[in-house]
Amino acid sequence: MAHNNVSIFYQNCGGIKSKLDELRHNIALRDRNLSISGKKGGGGILVLVKNSVKAIRLPEFEALDLEEIYIHLPSLSDLLLNACYFPPSTPSTAYSSYFYKLIFIPLRVFITM
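Residue 521 is where the sequence shown starts when you use my numbering, and the numbers rise one by one after that.
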């Protein structure tokens, strides 16, 4: 049985867009939807995956009203990675809807990719 090491790191960082060209990783970026959030700028989700790891972005699972990214990593035992941000003012019903959706993502889709 092969063992794969996966490292996950979280960082809240401003101004990273100007540094993206310096990174040697596959980049999945989703900016905050300013028309929905009511914010004037900034925000979003960024996922970096080593170039040596196959990463497939799955925008069909991403909600339009939520800052989230789905990445399928088939070389890591068909791992499905989800990065999501909930602002402090998020109502509890949004959390319930989010976790309910996660339960019903068709995992069998990834086995055949």
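By construction, the Cβ of each residue, glycine as well, lies at the ideal position given by its N, Cα and C atoms.
Inter-segment contact for the segment 565-574 and the segment 591-602 is present: three or more beta-carbon pairs are separated by less than 8 Å.
Only buried fits residue 587, as 16 or more other CB atoms lie within 10 angstroms of its CB. Classified as buried, residue 575 has 16 or more neighbouring CB atoms from the shown chains inside 10 Å of its CB. The continuous beta strand (DSSP E) containing residue 599 extends over residues 599-605.
The Cβ atoms of residue 614 and residue 565 do not sit closer than 7 Å to each other.
A direct Cα-to-Cα measurement between residue 577 and residue 601 gives close to 10 Å.
DSSP places residue 593 in the uninterrupted beta strand (DSSP E) bounded by 587-593.
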